[in-house]
Amino acid sequence: MGFDPLIFSTTSTPLIVPVSTEILNPRENPLDYNPKRFVDGDVDFKGQDTGFLPFGGGRRGCPSYSFGLATVEIALARLLYHFDWELPHGVEADDKDLNEIFGLATRKNSALILVPRYNRDYEMKKNDT
1 MGFDPLIFST TSTPLIVPVS TEILNPRENP LDYNPKRFVD GDVDFKGQDT
51 GFLPFGGGRR GCPSYSFGLA TVEIALARLL YHFDWELPHG VEADDKDLNE
101 IFGLATRKNS ALILVPRYNR DYEMKKNDT
(Lines of atoms letter the chains of each structure in order from A; the text may use other names.)
(Lines give C-alpha, C1' and ligand atoms only; values in the text may rest on other atoms or scores of the structure.)
Protein backbone atom coordinates (compact mmCIF):
# COMPACT_ATOMS: atom_id res chain seq x y z
CA MET A 1 0.00 0.00 0.00
CA GLY A 2 1.45 3.38 -1.06
CA PHE A 3 1.84 6.44 1.09
CA ASP A 4 -0.27 9.45 0.16
CA PRO A 5 1.51 12.60 1.45
CA LEU A 6 -1.77 14.55 1.45
CA ILE A 7 -3.42 12.28 4.01
CA PHE A 8 -1.50 11.35 7.13
CA SER A 9 -1.88 11.71 10.85
CA THR A 10 0.69 13.08 13.26
CA THR A 11 -1.13 11.63 16.26
CA SER A 12 -2.30 8.17 17.18
CA THR A 13 -5.86 9.04 16.13
CA PRO A 14 -7.26 6.41 13.76
CA LEU A 15 -8.29 7.74 10.35
CA ILE A 16 -11.08 6.44 8.16
CA VAL A 17 -9.97 7.04 4.58
CA PRO A 18 -12.45 6.66 1.70
CA VAL A 19 -11.53 4.20 -1.00
CA SER A 20 -12.28 6.54 -3.92
CA THR A 21 -9.18 8.29 -5.25
CA GLU A 22 -11.29 11.17 -6.55
CA ILE A 23 -12.10 12.10 -2.98
CA LEU A 24 -8.46 11.85 -1.93
CA ASN A 25 -7.06 13.81 -4.87
CA PRO A 26 -9.75 15.97 -6.48
CA ARG A 27 -7.17 17.63 -8.75
CA GLU A 28 -4.77 16.11 -11.19
CA ASN A 29 -1.22 16.33 -9.76
CA PRO A 30 -2.24 18.09 -6.52
CA LEU A 31 1.34 18.51 -5.26
CA ASP A 32 2.49 20.42 -8.36
CA TYR A 33 2.36 24.22 -8.33
CA ASN A 34 -0.04 25.09 -11.15
CA PRO A 35 -2.11 28.25 -10.61
CA LYS A 36 -3.74 27.88 -14.06
CA ARG A 37 -5.89 25.06 -12.70
CA PHE A 38 -8.13 27.68 -11.09
CA VAL A 39 -8.77 29.61 -14.33
CA ASP A 40 -11.29 27.23 -15.89
CA GLY A 41 -12.47 25.62 -12.66
CA ASP A 42 -16.12 25.37 -11.73
CA VAL A 43 -16.12 26.99 -8.30
CA ASP A 44 -19.37 27.87 -6.56
CA PHE A 45 -18.71 31.31 -5.07
CA LYS A 46 -21.98 31.36 -3.12
CA GLY A 47 -21.66 27.95 -1.49
CA GLN A 48 -19.29 26.46 1.06
CA ASP A 49 -16.55 25.77 -1.51
CA THR A 50 -13.47 27.73 -0.40
CA GLY A 51 -11.14 26.27 -3.03
CA PHE A 52 -10.87 29.58 -4.86
CA LEU A 53 -9.91 31.65 -1.83
CA PRO A 54 -6.13 32.13 -1.79
CA PHE A 55 -5.83 32.15 2.01
CA GLY A 56 -8.52 29.58 2.77
CA GLY A 57 -11.34 30.40 5.10
CA GLY A 58 -12.86 29.79 8.48
CA ARG A 59 -10.92 28.34 11.39
CA ARG A 60 -8.44 26.67 9.06
CA GLY A 61 -7.54 29.93 7.30
CA CYS A 62 -3.98 31.03 6.71
CA PRO A 63 -2.50 32.55 9.90
CA SER A 64 -0.39 34.96 7.82
CA TYR A 65 -3.43 36.62 6.25
CA SER A 66 -3.64 39.43 8.81
CA PHE A 67 0.15 39.91 8.77
CA GLY A 68 0.18 40.22 4.98
CA LEU A 69 -2.72 42.66 5.06
CA ALA A 70 -1.00 44.83 7.69
CA THR A 71 2.30 44.76 5.77
CA VAL A 72 0.69 45.97 2.55
CA GLU A 73 -1.23 48.64 4.47
CA ILE A 74 1.98 49.96 6.09
CA ALA A 75 3.86 49.99 2.77
CA LEU A 76 1.06 51.92 1.07
CA ALA A 77 0.78 54.36 3.99
CA ARG A 78 4.52 55.08 3.84
CA LEU A 79 4.33 55.78 0.10
CA LEU A 80 1.41 58.13 0.57
CA TYR A 81 3.07 59.92 3.50
CA HIS A 82 6.58 60.38 2.11
CA PHE A 83 5.55 61.81 -1.26
CA ASP A 84 3.39 64.65 -2.51
CA TRP A 85 1.07 63.36 -5.22
CA GLU A 86 0.10 65.50 -8.22
CA LEU A 87 -1.68 65.05 -11.52
CA PRO A 88 0.58 64.78 -14.61
CA HIS A 89 1.55 68.00 -16.41
CA GLY A 90 -1.30 69.32 -18.54
CA VAL A 91 -4.06 67.34 -16.78
CA GLU A 92 -6.59 69.23 -14.71
CA ALA A 93 -8.70 67.82 -11.88
CA ASP A 94 -11.89 68.46 -13.83
CA ASP A 95 -10.61 66.29 -16.72
CA LYS A 96 -10.51 63.11 -14.63
CA ASP A 97 -13.49 60.73 -14.58
CA LEU A 98 -13.94 59.57 -10.97
CA ASN A 99 -17.04 57.43 -11.55
CA GLU A 100 -17.01 53.97 -10.01
CA ILE A 101 -17.94 50.52 -11.31
CA PHE A 102 -19.80 48.43 -8.77
CA GLY A 103 -19.27 44.69 -8.60
CA LEU A 104 -17.51 42.19 -6.38
CA ALA A 105 -15.03 44.99 -5.64
CA THR A 106 -15.70 48.67 -6.31
CA ARG A 107 -13.17 50.21 -8.68
CA LYS A 108 -12.72 53.35 -10.74
CA ASN A 109 -14.11 53.51 -14.27
CA SER A 110 -10.76 54.82 -15.56
CA ALA A 111 -7.28 54.65 -14.09
CA LEU A 112 -6.10 57.54 -11.93
CA ILE A 113 -2.50 58.37 -12.83
CA LEU A 114 -0.52 60.42 -10.31
CA VAL A 115 3.04 61.70 -10.30
CA PRO A 116 5.02 61.42 -7.04
CA ARG A 117 7.02 64.44 -5.94
CA TYR A 118 9.60 64.31 -3.19
CA ASN A 119 8.27 65.79 0.06
CA ARG A 120 11.04 68.09 1.28
CA ASP A 121 9.24 68.81 4.54
CA TYR A 122 9.81 65.25 5.67
CA GLU A 123 13.35 63.97 6.12
CA MET A 124 14.38 60.62 7.47
CA LYS A 125 16.92 61.21 10.21
CA LYS A 126 19.12 58.62 11.83
CA ASN A 127 19.49 58.62 15.57
CA ASP A 128 23.24 58.80 16.07
CA THR A 129 24.10 57.39 19.46
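Numbering follows UniProt numbering, with no gaps: position 81 of the sequence shown is 81.
Note that beta-carbon positions come from the ideal geometry of N, C-alpha and C, so glycine has one too.
Query: Length of the line joining the Cα atoms of T115 and P30; Result: Reading off the sequence shown, one finds Val at residue 115, where the question assumed Thr. Going from the Cα of V115 to the Cα of P30 covers about 44 Å.
Query: Distance between G68 and E28 (C-alpha atoms, nearest Å); Result: 29 Å
Query: Beta bridge counterpart(s) of Y118 as assigned by DSSP; Result: F83
Query: Residues bridged to K108 (per DSSP); Result: E100
Query: When R117, G103, D95 are compared against A111, the one with the closest alpha-carbon; Result: D95
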